[in-house]
Amino acid sequence: MKVHFTYSHFFVAALLPGCFFIASCTNPDKEIQAMNSKQIGVEEAKDVAIDYSISGKTKAKLTEPYMLRHEESVPFIEFTKTVHTNFFDDTLGVESWLDARYARYMETESKIFLKDSVRLINRNGDTLYSDELYWDRSRTGHEFYTDKPVRIRTRTEILNGVGFESNMDFKNWSMKNLVNSEVRIPSTQFPQ
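Under our numbering, the first residue of the sequence shown is numbered -6, with each subsequent residue one higher.
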């Protein structure tokens, strides 16, 4: 039995596997768009936990479900989902905690800018509410500050003002301009 091979058979035999390679190398449009939308110089991380320590002692732990690190001329880290931070005493007991919907850490300045529903709470339940707050680790004793409106709610007071400073445990704080505030004094403390 004699088999005749023609050039057309050879051409079809070479073309058929080539078609499979071409067909298998296509990406759906959504995949291509997703690859093109990723920014160059941006690192992503999920379920992040960052410990902040001074002289080997843990002072704070920041947790965040999603983080972006931007490699620009001035690098910064963005926390674009709800950020939560616990601040610890020397025995690792929680002294205060902080929540915000957005944070930006400027690496070269050691400063964190927090915004959108910022809440700082201490062990006593005293609570600061603000739209913006800075956490500057280089300002010992006055790490938290803002020039924006704030509200502080304690067991006996509701204080509204503009401008605020506090240490990390939110025990020693001051408000710059007090406005429309309410102080509740128990009747037992009135003079007779």
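Virtual Cβ for every residue (Gly too), placed ideally from N, Cα, C.
Using a Cβ distance threshold of 8 Å, residue 70 and residue 89 do not count as a contacting pair. Listed in chain order, the non-local C-beta contacts of residue 38 below 7 Å within the same chain comprise 60, local neighbours out to five positions each way being set aside.
In the DSSP assignment, residue 76 falls within the unbroken beta strand (DSSP E) covering 76 to 81.
Between the region 124 to 135 and the region 155 to 163 there are three or more inter-stretch CB-CB distances shorter than 8 Å, so the stretches are counted as touching.
The beta carbon of residue 125 sits closer than 6 Å to those of 108, 139, 141, all from its chain and outside the five residues before and after it, given in chain order. DSSP, reduced to helix, strand and coil, places residue 62 within a strand of the structure shown. Residue environment for residue 46: exposed (fewer than 16 other C-beta atoms within 10 angstroms of its C-beta).
Bridge pairing for residue 115: 89 [DSSP]. The DSSP-derived three-state label of residue 69 is strand. Residue 42 and residue 96 have their C-alpha atoms roughly 14 Å apart.
By the neighbour-count criterion, in which 16 or more other beta carbons inside 10 Å mark a residue as buried, residue 119 falls on the buried side.
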